[in-house]
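Residue numbers (this note's numbering), protein chains in the order written: chain A, 1296 to 1609; chain B, 302 to 504; chain C, 57 to 584; chain D, 40 to 134.
Report on the structure given below.
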Amino acid sequence: MTLGWPNLSNPADAVFFFIVGISVAFLFANTAVMIYFVVRYSRKRNPNPEDIKDNLTLEVLWTVIPTILVLVIFFVGWKGFQYMRTVPPDAMPVKVLAKQWSWTFTYENGKQDSVLRVPVRKPVKLLITSADVLHSLFIPAYRIKEDCVPGMETHLWFLPDQLGSYDLFCTEYCGVAHSDMITKVEVMPEKDFEAWYKGGAAEETGPGTKTTKKIAGGPDGASLVQVKGCLACHSLDGSPKIGPSFKGIFGKKETVVRDGKERELVVDEAFIKQTLLHPELDRVKGFPPIMPSQQGQLTDPELDAIIHYLKSLK
Amino acid sequence: MVELAHIEHRDYTGAKLGMWLFLFTEILLFSGMFLLYSIYRTVHTEDFHEAAGEMSVVLGAVNTVILLTSSMTMVLSISAIKRGERVRSMIYQAATVVFGAAFLVNKFFEWREHILRGFYPNSSELLAMSHGKILYFGLYYVMTGIHGVHVLIGAGLICLTFFQTRKGVVSASDYIKLENTGLFWHLVDVIWIYLFPLFYLIT
Amino acid sequence: METSFYHTRGRYPGVLGWLFTTDHKRIGLLYLITSLSFFFVGVGLGLTMRLELIRSGMHLYSAQTYNALFTLHGVVMIFLFIIPGIPSSLGNFVMPLQLGARDVAFPKINILSWWLFVIGGALAVTALFTGGGPPDTGWTFYVPYSIRTGTNVTLAVFGVFLIGLSSTLTGMNFLATIHRLRAPGLTWNRLPLFTWAIYATSWVQLLATPVLAITLLLIIMERSFGVGFFDPAKGGDPILFEHMFWIYSHPAVYIMIIPAMGVVSDIIPVFSRKVIFGYTAIAASSLTIAFVGYLVWGHHMFTSGMSDTSRVIFSFLTFIVAVPSGIKVFNWIASLYKGSIKLDAPLLYALGFIFLFSIGGLTGLINGALATNLHIHGTYFIVAHFHYVMFGGTAFGFFAGLHYWFPKMFGRLYKEYPAKLAFIILFIGFNLLYFSMFILGWEGMPRRYYDYLPRFNGPNLVSTIGSWILAVGLFIMFYNLIRSVFAGEKAGDNPWGGATLEWQTASPPPTENFESVPEVTKGPYTYR
Amino acid sequence: MEQKPAQHLVPSKTFVLVWMALLALTALTITAAYLHLGALSMVVNLLIASTKAGLVLWFFMHLKYENRFFQALFLIPIATVTIIIGLTFFDIWYR
Ligand code: HEA
Ligand code: HEA
Ligand code: CUA
Ligand SMILES: [Cu+2]
């Protein structure tokens, strides 16, 4: 099931149905009375209107009663909110980095993934930030959402109470691939989670990732391009996405633009390195100038691993 | 076809009401910037204090005095026209414009000095500094800049009323244009009254 | 009888006589034509968007195009249609008549407003074809995206800035008019409720729009000079931008709805032939909404990273603003009691307004409750909410007013049957189109998505089909109206038997509005 | 609707006195800044600035000589600005 509906571990549903109840009652009553009046006092049935101007009791009633009702609604909403904002002390912290247009989840032991893996029935605390523009982390199944703000850390928590795979959306508009900035929450059995958590490199599960040989002992380029979000903009199958495809990239002839002047070059190790660290120097023609610099985001071995991996994509 | 009768209702209070309402919008326009200022100042108090050290209190004070004086000549020009002293009113208006120009010239040299020293938005010197200082200088340029534009507009309007006074369009019996221009000028002055301590005197 | 304002020669002849007119009635019609043209642009865009969204995986055009489309759709609908819609067109035409005035207080500023509006709109449209391509930020222009995107945001934002200036000047003008130019005997408690609504709206226009102006100017400066107010790399705070944007844009939603409420308050008594119930309460609630509307902007930011304390405060204040809206709804319904009701098209649209606005408003409560907001913010639930209040509310109120004052504006009657038929089709299409979005939103479909997961297919299909039905309804309605401008039956001066001043003069009115200054001796809804 | 403005002739001396007061307050605020009053200096500065603004509004902008309506009207933007800045600070303080 993708959307636990209704989801009882979360107060949002209770509040929702409470308000919907009140609203439907009002809407129904108002509409019924309205239709009744229109029919009952139609010009045919009631040719002689009566001027009724005011009624203080009524005015007071329909000021006071809705006021009380909305205060009650406010209060239940607030209570639910308190629950949703009070993080249990034993929650497992996971750092979330949102960037155009991918998610990176970093666990306490430094393990990274582009899918949010959590053990079942253990509260999770998400510490959220963004590398570029605003994003918003939304897990509909758990009724939670919080913006990812650059230069600031926001937080969320939830209790994954059922095994399964749930959607995780970006819900703050962030550019062309906003609607592709989707990943999964994998709620795993405790044991599986532990095995993954303690295991080696990040597992490849994301779409489009193919396993290739690793450099012995070093980081794995194939999973890095997934985890670091390169695949949000670059495909592996030769079709251009937001940026040029990685397929056959090594040795390809490319027209690049520097300071408004075009020139041709052959993609080699040095150029890839330059693009990764200083993409603003040479921009590949025909693409928007949005390739983000990876300076500080990648360690040297990781950089080498990615270059090595790109070389292997024939 | 009926010729349209010349409808001209002159409503003195109405015109003044319109001007005051317009001034309210100016107040809110600036309040947006004061909001930014107050928040960034709260967050970066120390940086703001340090950055304000780059300001010349003398220049700021001179400009304050200039603007205050111009406000007085402005109000005196209205008093004069009410009494029917056309020439005196024109002299006061001209003085106001001159003070306004002096203010702008002074401001120009102040800006120039800062820009030459590398304090301008996005300059590499500025970017190397702390966040608070970047914001301080950003606010400094934007707020005094927009204020300066208002001084310019105000001075332009006074030039206009100056000629209208000469032609007798503005006179003892109809001086609402001059009075409304005066209101605008005073508001610009009021805003500077706040800008001065907020940018110059917080070291 | 005097010649109508259509046939009076002003300072200039022909088209120039319209473009440089200072007659509030001509200006009202200019606004009507321009904002309706923009409405059709926006509607076309909406339709194109729905086509793309008919099912998942559909690719009629690129994601970048879609993003530009919804940005433009939002900007056009909000700034070019719905904000100037009622106040500047109907308000301009009707309000001075209701006051018994010859014109607004500052006729020249009035035409200047229109020019600023048109130039602003033109610049916003120019932004589509120049620079880095159509803006793709959404109508909210959130930073840092709006600063980084290479598209032509600066020009579009400047266009909106001019439109904002136009709106401010109109507000100032109307306030001065209502304060200074009421006919003798027209005391504040004899003012028609539409004029009361325009009065409250004008205050909001006056006091909120400058904040938008400075916010937009700051975007321009940020993009041109990199001052850094909103750039985290320079210490700026993107959330502050959200504050500044919503400080304007929440009051702006009341700029949209209060005039529509005024229209409804004027229509109901006329068609039930009795005095409005709770005149004072309705007039006062307009002012209350305008005032409390200032205090709630933060409810758009419950998930923005704003402090939790603020979220609680803003949620509380949000609920307060629902009460005066409720008071209005209840008084309208009570006004029908023991009336003698004729369900003509204006009343039909007005009652449609009450129903659809109630749905929109009540779902606003779900948005405003903290626990539910965390789930539905940024989803189609919000999209449904605001189409219910803006389209179901304001636009239906606008249609009601258009039918109601049509005879006064053009001196002719539209055909009753197509007007009612159009209403029914519109109503059905509307609910199919937007109710589906509530379901989508609660199920978690995010807004501003070019493409979505297959599990959202069903309601999206219904929604798109609804948009076609709605289109048919709109087409019938406007066909009927446009046809009647030229070929409608001649209407008398007062076809509905209204008691407010605009009905005491000819249809269409002469340039000077009234042959002699009218004296007011009774309330606006006294029919006997 | 009056056709002719009401005449309230204020002696020029009043305006000159106000001007002198404004200059004196400017001097005072600069002095205060050099006294290094710490956190208090912000308050003092703003108080003096507001007094000056008040003087300009009251005398130069003729609010003193207007009727109650104009005087009351002026409170509206002031209240609005207070609300805007005040409510935003609830975010900043508690974030
Ligand atoms: C015409 C415009 C209009 C109007 C009138 C309203 C009216 C209201 N709106 Fe809406 N709103 C928008 C236009 C409007 N809104 C837009 C455009 C957005 C999205 C912007 C964007 O992000 O792009 C939005 C978004 C929005 C949000 C943010 C959601 C989010 O993004 O997370 C919230 C949250 O509180 C909200 C609440 C309300 C409330 C409480 C009202 C209240 O005023 C409603 C009051 C009315 C009623 C309550 C119904 C009538 C009353 C009764 C039938 C009596 C019974 C009543 C009681 C029991 C109280 N709105
Ligand atoms: C008044 C305001 C208003 C109105 C009336 C509408 C009208 C419509 N809107 Fe609106 N919409 C907004 C304001 C409005 N919108 C805003 C502010 C946003 C947010 C933008 C953002 O996120 O930044 C939005 C966003 C928005 C979205 C969400 C986009 C997204 O998040 O991805 C969608 C999706 O379906 C949508 C659809 C529609 C449709 C189908 C219509 C329909 O009304 C269109 C239906 C009508 C027709 C189809 C009629 C066509 C008529 C004819 C063809 C007849 C021709 C007539 C003559 C010749 C006389 N709109
Ligand atoms: Cu990231 Cu939308
Ligand atoms: Cu709102």
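Beta carbons: idealized from backbone N, C-alpha and C, even for Gly.
By C-beta, the residues closer than 5 Å to any heavy atom of ligand 5, given in chain order: Among the ligands in the structure shown, ligand 5 does not appear; only ligand 1, ligand 2, ligand 3 and ligand 4 can be found there.
8 Å Cβ cut-off: residues of chain D touching His299(C): Thr127, Asp130
Nonlocal neighbours in the same chain, by C-beta distance under 6 Å from Asn373(C), ignoring five residues either side: Contrary to the premise, residue 373(C) reads as Leu rather than Asn in this sequence. Leu351, Val352.
CA-to-CA distance, Leu268(C) to Gly93(D), given in whole angstroms: 27 Å
Near ligand 1: Ser414(C) beta-carbon under 7 Å from a heavy atom: yes
Closer than 7 Å: Trp1396(A) CB and nearest ligand 2 heavy atom: no
Identity of the residue in Ala340(C), Arg504(C), Thr556(C), Gly500(C) nearest Arg511(C) by Cα: Gly500(C)
Gly227(C) beta carbon less than 8 Å from that of Ser202(C): no
Classification of Gly433(B) by the beta-carbon crowding that lies within 10 angstroms, buried from 16 upward: buried
His431(C) Cβ short of 7 Å to ligand 4 heavy atom set: no
Validate contact between the region 359–369 of chain B and the region 397–412 of chain B using beta carbons, cut 8 Å, 3 pairs: yes
Reduced DSSP secondary structure (H/G/I, E/B, other) of Val450(B): helix
Cβ distance (whole Å) where Lys1542(A) is taken to contact Val1562(A) below 8 Å: Going by Cβ atoms, the distance from Lys1542(A) to Val1562(A) rounds to 12 Å, so no, they are not a contact pair.
Assigned exposure category for Lys1609(A) - 16 Cβ within 10 Å defines buried: exposed
Length of the line joining the Cα atoms of Thr1506(A) and Thr1594(A): At Thr1506(A), the pLDDT of 40 sits below 50, so the modelled position is not reliable and the matter cannot be decided from this model.
Beta-carbon neighbours of Trp1614(A), restricted to chain C and to distances below 9 Å: Given a span of 1296 to 1609 for chain A in the structure shown, any question on residue 1614(A) remains unanswerable.
Neighbourhood of Asp1427(A) by C-beta distance below 7 Å, restricted to the same chain and skipping five residues each side: Lys1394, Gln1395, Pro1445, Pro1587
Chain B within 8 Å of Ala63(D), Cβ atoms only: no
Members of the region 1354–1367 of chain A that neighbour chain C once the beta carbon cut-off is set at 8 Å: Glu1354, Trp1357, Thr1358, Pro1361, Thr1362, Val1365, Leu1366
Contact test: Met446(C) Cβ vs ligand 1 heavy atom, cutoff 7 Å: yes
Distance between Leu88(C) and Ser145(C) (C-alpha atoms, nearest Å): 5 Å
Whether Arg15(C) touches Ala161(C) by CB criterion (8 Å): Residue numbering for chain C in the displayed model covers 57 to 584; residue 15(C) lies beyond these limits and cannot be assessed.
Distance between beta carbons of Val1371(A) and Val379(C), contact taken as under 8 Å: Not really, about 17 Å apart at Cβ, beyond 8 Å.
Proximal residues to Glu503(B) (C-beta, below 7 Å), its chain only, five neighbours per side dropped: The sequence given here places Ile at residue 503(B); Glu does not occur at that position. Correct list, in chain order: Phe349, His350, Ala353.
For Thr520(C), three-class secondary structure by DSSP: helix
Reduced DSSP secondary structure (H/G/I, E/B, other) of Pro191(C): coil
Cβ of Pro288(C) within 8 Å of any chain A Cβ: yes
Ile138(C): CB within 7 Å of a non-hydrogen atom of ligand 2: yes
Chain-ordered chain A contacts of Lys330(C) [CB-CB under 8 Å]: Pro1344, Glu1345, Asp1346, Ile1347
Three-state secondary structure (DSSP) of Cys1469(A): coil
Residue from Val518(C), Ser563(C), Ser280(C) with nearest C-alpha to Arg111(C): Val518(C)
Separation of Phe570(C) from Ile165(C), as counted between CA atoms: 22 Å
Gly395(C) versus Phe452(C), Phe333(C), Gly420(C), Pro564(C), residue with shortest Cα-Cα distance: Phe333(C)
Ala1393(A), DSSP secondary structure in three states: strand
Interface flag, Leu86(D) vs chain B, CB-CB below 8 Å: no
Exposure of Ile138(C), with buried meaning 16 or more beta-carbon neighbours within 10 Å: buried
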